[in-house]
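Just so you know, we're using this note's numbering here: the sequence shown kicks off at 2 and counts up by one.
Glycine residues also receive a C-beta, built at the ideal position from the N, C-alpha and C atoms.
Nothing here was measured: the structure is a model prediction, and the numbers come from that model.
Comments concern the structure below.
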Amino acid sequence: MASSRFRALAFLPLLAAALSLPAASASAATLPQARPVPQVETGASFDARRGLVTAAPAAASAAQLAAIDELRAATVELAVEIDSATGATRKMQDYGGFLTPPDSSRDAAAVGRSWVAGHANLLGLDAADLVGARESSLLRHEASGTTNLILQQTYAGLEVYNGLLHVNLDRQGRIVSVANLFLPRLAAALNTTSPELDATAAIHAAAGHLATPAGAVEDLEAAGDPATYRRLKAPALALSPIDARLKILPVGAGEARLVWNFQIESRDTLHWYDMNVDAVDGRVWTRFDWIQSDSYRVYPIPAEGPHVVGRSLLVDPALDYPAASPFAWHDTNGAAGAEFTTTQGNNAHAYTDTNADNLPDAGSSPDGGAGLAFDFPIDLGQQPSTYRPAAVTNLFYWNNLLHDVPYAYGFDEAGGNFQVNNYGNGGLGGDAVNAEAQDGAGTNNANFGTPPDGQQPRMQMFVWTSSSPQRDGDLDATIIAHEYGHGISNRLVGGPANASCLSNNQQPGEGLSDWWALFMTQPDGLDRHRGIATYSLGQPVTGMGLRNDFYDGDPAVNPEPEENTWTYSTISAGSIPHGVGTRWTQAYWQVTWALIDAHGYNPDFDAYTGTSADDGNIRAMYYIIQGLKNTICSPAFTDVRDGVIAAAASAYEGEDVCRIWSAFAEFGLGSNAISSNPDSTTVTNGFAIPTSCDFLFAGPTAQTICAGAPVEYNLRAGTSYTPPVNLVLTGNPAGTTANFTVNPILAVPGLSHLTVGNTAAVPTGLYNMTLTANGDAVNAQALALQVYNGPPSAPTLTAPADGATGAALRPTFQWTATGAQSYVLEIDDNADFSSPVYTSPVLTTTSHQIDFDLPGLTQHFWRVRGTNLCSVGPNSPVFDFTTLLAPDQCAPGSAPFLTGFQGWENGLAGWTTSGTGNTWALSTENPHSGLSSFHAVDPATASDQRLLSPAIQVPAAAPKLVFWNVQEFEDPTGSGGCWDGGIIEVSTNNGASFTQLLNPVLSDPYDGTLATGPNPLGGLPAWCSIAQPMSVTAVDLAAYAGQTIRVRFRLGSDGAAGNDGWWLDDIAVQSCTTNLIFNDGFFTSDTTRWTATAP
């Protein structure tokens, strides 16, 4: 049942009727007074915020401007964009380099999180706006080394709709760019956190907006907080259940509304609406449509369709893509052998849906038999209904190709691709494409519906009626690739957890899809004039296709009618979204051909290596996939351009950055182009390129060597020079040489290479050099060179002091710097270090705290050695220290006496489990002793999982509860405490009521407070470590001495991300006794103990 604090459901019929009136009338007649919201609609999307009267553009604060100026002084060519609606810093990127120096001492994601936490002013935010930030997606591409950290803004446990912050990093831990859609001063901007309308009322409001009766709405059981999440069923309105969640919708500067967010899959199968309905007054704020309009005899890649080439019988084509489809195309269980002999597998399920019910027609997935031979006849002189098996086979083939080719470039499992089984490679599975051939829902079109990662997309392919006989879009590779491209773009922009980041007016989604189609059907390195859907329209392959001009890879030299004259500003003449999108295709097609002209063409479309051997079309595919990961949610063309530039800056040593800038500038998307805002199609062309491409560039600007090695710099003189351009280096170490491969540069843009040599005698130190280019203009660039002349000397240890006693179980070790780049710390129980108990990772600081407990009352030895580029230095002298008493230890002269021991070797032994989403179970992972532990998963859904002990008699003398545990909870970053976590409680009335045991009695204090919201334990302090190894906790039970208690462990999770969970082992109530003569020390679950005491 819905909460009683919601408005009565009897109001619903009146609300639904009222919403068909103009907004102001509806508000006055039936709803609370609220800001008038005009009904502004564009195509399939609706966003009432676009029609609001806006105030003057919001300005950056003084502290924000000061922080920007500080960063500008530390960068080469900083580009900053202030969000005109909120005043926040929307984007930051150094067009001539990176925002931060390299940082290889930490994981790239940790670098990003730390940077965000320390730069609230630079982002135009308050520190409080970052408190609730949680990880939405973390995308890593091993081949290129890039990392995309995407954070989600939250408040009071509620997500901000599309409130995402991107931090994009390269292999060296440098921040390439930042994109920010967090709402400043969120707490003050939000109207309320208490809804007045329940989710059912919001569904009726949405139905009124869609002019479709909602009918009966059934409130289904749903895990989680019923105040913030409901699962509803409205069969008259939606094909599938509706999951409604409370979220926060930014409306403008200083204003945000509490809304119900949900998706409605329309009964006609043509729409999949993502909607936000005001939780106070029932207004529909936004509506975005997620649907945008073996051997196999097929039309093989790169053929567009039957008008290009006949069909071929391809044998085991999946073998060409072993990384993307390691068990071929008919697998789902990750073991050798096909699970299906029909057109169904891990990446796609292809079938016909002629009656448009979103279900396979009976027997419509053709069967290839045990040999998986999908070879079916086709007669193109007949209607498409006569060759459905062949058409479905072709659709299945192309869906698998479109899954496999982008895989190497980073559209993989973690990147949000479409697979049933992710084979342990990250991301969410269960989302293979449902590819519906000859769908009866329409003609002369196609569509693709893309929900977030883990939910199945749907491709609907239609018959085309412009020719006789009719033609089947399932045979037109450009249409299939275009539709699949929507899925790629929607999963990449904003991260795979979001699917509504390409709904603004200036977004290039349709153009990105046309580009995927061009790429996948590019026949050679010559044909740069292309059309889309020529087969379906009955045109020759040389036809213009669906669009109103050819796509032209080199418009400057081609005469009409083939020359494409579009520029950025012509988006104002294009329809939304297709006409606008075509302009992006033309822009990036020009970039693609600039890369092909420079690096060549490779017909093996997945041949990405990340090395200089990659051809131009391969680089173009990498830059767009990585570029979309770098791109802000709801992007203008300039935002996607900057994402591509950021991708190029991080790859191939940046050699394509200026080439791409020049191609974009030719189209009018140069560095001075003005996008107005993401919903505007009135823009200004810009034909300039950055100064770093125009004048002098040298890189890498900061380098480190061991004396004797040469130093290499790539140099570029831009087009603002008039040759000759003379190059001069000053400030290089005494006795070194500076040699240029080309000097002067006689043609611009022109390249040279600088080598600083003869460095063998250079002393250790940091040398600041200056490179100057002298022509008709003068430009200089600073270069930093760190030299080491020999290995580092032995470090001097400082803490713990030599011979120290009472040292912490997790000491912080410190030593002095010795001219090393990195250090390694070793700890052992023996002074000879024959079997170290700990060897640190490579450290770049002179301080390190271990993340596990050393044994108590034990002597330990430690040492440190340094390393630089020259070699490894000597070990330091060895220090020793003795740790203090561990929580599970008794003082010397006393011994432990255990009661109620549970080591899980004999099952539960009276312990019981309960709660919502309960996963507590015996496990063979992470035992402290023996073979078993007890484990609960930290799920990505709301849960309250309980583990309850039998009755335990607490001893009278100094009792404590001792247990060992491993914690792997959801990353607490951004929660201000914890998202998911565990607590411990005690009952003295046989479980009738429980009291939480709090920090004053815990040897291992709770990490923080659980965020309120979907987590049933919200507001309680908890343990929530993301990766705590096996460690012991002791709980002081003095307050319960002599009583009978029951102990309860609880794991609470919210409805977002999860982790591996919580393991418990060797739980006991312990007291220390001095009159103990003998204890067998058996750590088993036996209740019998061998003891003898003095009379």
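So, helix, strand or coil for GLU484, using DSSP? For the purposes of this step, residue 484 is taken as the residue at position 483 of the sequence shown. DSSP places GLU484 in helix when its eight states are reduced to three.
Could you give the first and the last residue of the continuous alpha helix (DSSP H) run that contains GLU667? Here residue 667 is taken as the residue at index 666 of the sequence shown, counted from 1. Taken as a continuous stretch (DSSP letters only), the alpha helix (DSSP H) holding GLU667 covers 658-668.
Closest by CA to ASN459, which one among SER677, GLY488, ASP368 and ARG51? By one-based count along the sequence shown, residue 459 stands at place 458. In the sequence as displayed, the identity of residue 459 is Arg instead of Asn. The candidate whose alpha carbon is nearest that of ARG459 is GLY488.
Under the three-state reduction of DSSP, which class applies to PHE47: helix, strand or coil? Working through the sequence shown from its first residue, we reach residue 47 at position 46. Correct three-state label for PHE47: strand.
On the three-state DSSP scale, how would you describe VAL81? Here residue 81 is taken as the residue at index 80 of the sequence shown, counted from 1. Looking at VAL81 - three-state DSSP - the assignment turns out to be strand.
Classification of GLN946 by the beta-carbon crowding that lies within 10 angstroms, buried from 16 upward: Start at 1 with the first residue of the sequence shown, and residue 946 comes out as number 945. It is buried - the Cβ of GLN946 has at least 16 other Cβ atoms within 10 Å.
Since PRO837 and ILE851 are thought to touch, with beta carbons under 8 Å apart, how far apart are those beta carbons, to the nearest angstrom? Position 836 of the sequence shown, counted from the start, is the residue given in the question as residue 837. Position 850 of the sequence shown, counted from the start, is the residue given in the question as residue 851. Contact between PRO837 and ILE851 does not hold, since their C-beta atoms are separated by about 12 Å, which reaches or exceeds 8 Å.
Would you check if the distance between the CB atom of ALA1 and the CB atom of ALA351 is smaller than 8 Å? In the structure as shown, the chain starts at 2 and stops at 1096, and residue 1 therefore has no counterpart that could be examined.
Tell me where the beta strand (DSSP E) around ASN231 begins and ends. Counting from one through the sequence shown, the residue named residue 231 turns up at place 230. Position check: residue 231 holds Arg in this sequence, whereas Asn was assumed. Its beta strand (DSSP E) spans residues 230-234.
Rounded to whole angstroms, what's the CA-CA distance from ASP528 to TYR552? Just pull it up for me. Looking up residue 528 in the sequence shown gives position 527. Looking up residue 552 in the sequence shown gives position 551. Each residue's alpha carbon lies about 11 Å from the other.
Report yes if the CB atom of GLU78 is closer than 8 Å to the CB atom of PRO701, and no otherwise. On the sequence shown, residue 78 is found 77 positions in, with the first residue counted as 1. On the sequence shown, residue 701 is found 700 positions in, with the first residue counted as 1. Result no, Cβ atoms of GLU78 and PRO701 do not sit closer than 8 Å.
So, with DSSP's three-state summary, where would you put ILE706? Translated into the one-based positions of the sequence shown, residue 706 becomes position 705. Of the three classes helix, strand and coil, the one that applies to ILE706 here is strand, per DSSP.
Give me the Cα-Cα distance between GLN173 and THR101, rounded to the nearest whole angstrom. Start at 1 with the first residue of the sequence shown, and residue 173 comes out as number 172. Start at 1 with the first residue of the sequence shown, and residue 101 comes out as number 100. So the two alpha carbons sit approximately 10 Å from each other.
With the cut-off set at 8 Å, would you say SER1054 and PRO940 are in Cβ contact? The residue labelled residue 1054 in the question sits at position 1053 within the sequence shown. The residue labelled residue 940 in the question sits at position 939 within the sequence shown. Yes, they are a contact pair.
Taking Cβ positions, are PHE880 and ILE985 nearer each other than 8 Å? Counted from its first residue, the sequence shown places residue 880 at position 879. Counted from its first residue, the sequence shown places residue 985 at position 984. Not closer than 8 Å, so no.
How would you call PRO951, buried or exposed, if buried means at least 16 neighbouring beta carbons within 10 angstroms? Here the question's residue 951 lines up with position 950 in the sequence shown. PRO951 should be labelled exposed.
Status (buried if at least 16 other CB within 10 Å, exposed otherwise) for GLY428: To locate residue 428, count along the sequence shown from 1; it is residue 427. By the neighbour-count rule (16 or more Cβ atoms within 10 Å), GLY428 is buried.
CB contact flag (GLY582, ASP515, <8 Å): Reading the sequence shown from its first residue, position 581 is the one you call residue 582. Reading the sequence shown from its first residue, position 514 is the one you call residue 515. Yes.
Same chain only: Cβ atoms within 6 Å of GLU414, ignoring 5 sequence neighbours per side: Walking along the sequence shown from the start, residue 414 turns up at place 413. Within the same chain, ASN423, ASN426, GLY427 and GLY428 come within 6 Å of GLU414 by CB-CB distance, once the 5 residues on both sides are set aside.
Cβ neighbours of PRO1 in the same chain (closer than 8 Å, five flanking residues each side left out): Past the edges of the chain, shown from 2 to 1096, lies residue 1, and the structure says nothing about it.
Excluding the 5 residues preceding and the 5 following SER672 in the sequence, name in chain order all residues of the same chain whose CB lies nearer than 8 Å to its CB. One-based indexing of the sequence shown puts residue 672 at position 671. Same-chain partners within the cutoff: ALA80, TYR96, TRP662, ALA666, GLY687, ALA689, ILE690 and PRO691.
Can you tell me which of LEU1021, GLY982 and GLY758 puts its alpha carbon nearest to the alpha carbon of VAL712? Start at 1 with the first residue of the sequence shown, and residue 712 comes out as number 711. It is GLY758 whose Cα lies nearest to the Cα of VAL712.
Would you grab the beta carbon distance between THR738 and ARG135 for me? Rounded to a whole angstrom, and I think it's under 8 Å. Numbered from 1 along the sequence shown, position 737 holds the residue referred to as residue 738. Numbered from 1 along the sequence shown, position 134 holds the residue referred to as residue 135. The beta-carbon separation of THR738 and ARG135, rounded to 53 Å, does not stay under the 8 Å limit for a contact.
Counting pairs of Cβ atoms below 8 Å between the region 748-762 and the region 730-737, do you hit three or more? Taking 8 Å as the limit for Cβ pairs, the verdict is that the region 730-737 does touch the region 748-762.
Host alpha helix (DSSP H) of ILE646 (start-end): Translated into the one-based positions of the sequence shown, residue 646 becomes position 645. ILE646 -> alpha helix (DSSP H) spans 638-650.
Give me whichever residues DSSP pairs with SER677 in a beta bridge. Numbered from 1 along the sequence shown, position 676 holds the residue referred to as residue 677. Partner(s): none; SER677 has no beta bridge.
From ARG864 to PRO796, what distance separates their C-alpha atoms? Start at 1 with the first residue of the sequence shown, and residue 864 comes out as number 863. Start at 1 with the first residue of the sequence shown, and residue 796 comes out as number 795. One C-alpha to the other measures close to 9 Å.
Run through DSSP, which three-state label would VAL434 get? Here residue 434 is taken as the residue at index 433 of the sequence shown, counted from 1. Three-state result, VAL434: strand.
Residues near ASP1066 by beta carbon distance below 6 Å, same chain, minus five either side: Numbered from 1 along the sequence shown, position 1065 holds the residue referred to as residue 1066. The residues are PRO928, HIS929, SER934 and TRP965.
Tell me which residues share the same chain as VAL658 and place their Cβ nearer than 6 Å to its Cβ, disregarding the 5 neighbours each side in the sequence. Translated into the one-based positions of the sequence shown, residue 658 becomes position 657. So the qualifying residues of the chain are ALA649 and ALA650.
Going by the CB atoms, is the gap between THR632 and SER676 shorter than 8 Å? To locate residue 676, count along the sequence shown from 1; it is residue 675. To locate residue 632, count along the sequence shown from 1; it is residue 631. Cβ atoms of SER676 and THR632: not closer than 8 Å.
Counting beta carbon pairs with one atom in the region 150-167 and one in the region 121-134, are three or more of them shorter than 8 Å? Touching, yes, given that three or more Cβ pairs across the two stretches are closer than 8 Å.
May I have a chain-ordered list of the beta strand (DSSP E) segments no shorter than 3 residues that lie completely inside the region 756-782? 766-775
Hey, quick one: how far does the alpha helix (DSSP H) through MET622 stretch, first residue to last? Locating residue 622 in the sequence shown gives position 621, counting from the first residue. Taken as a continuous stretch (DSSP letters only), the alpha helix (DSSP H) holding MET622 covers 617-630.
Own chain partners of GLY416 with C-beta closer than 6 Å, once the 5 adjacent residues on each side are dropped: Numbered from its first residue, the sequence shown carries residue 416 at position 415. Short of 6 Å from the beta carbon of GLY416, and not among the five residues preceding or following it, lie these beta carbons of its own chain, in chain order: LEU140.
Going residue by residue through the region 470-520, where are the continuous alpha helix (DSSP H) segments of at least 4 residues, counting only ones entirely within it? 478-493
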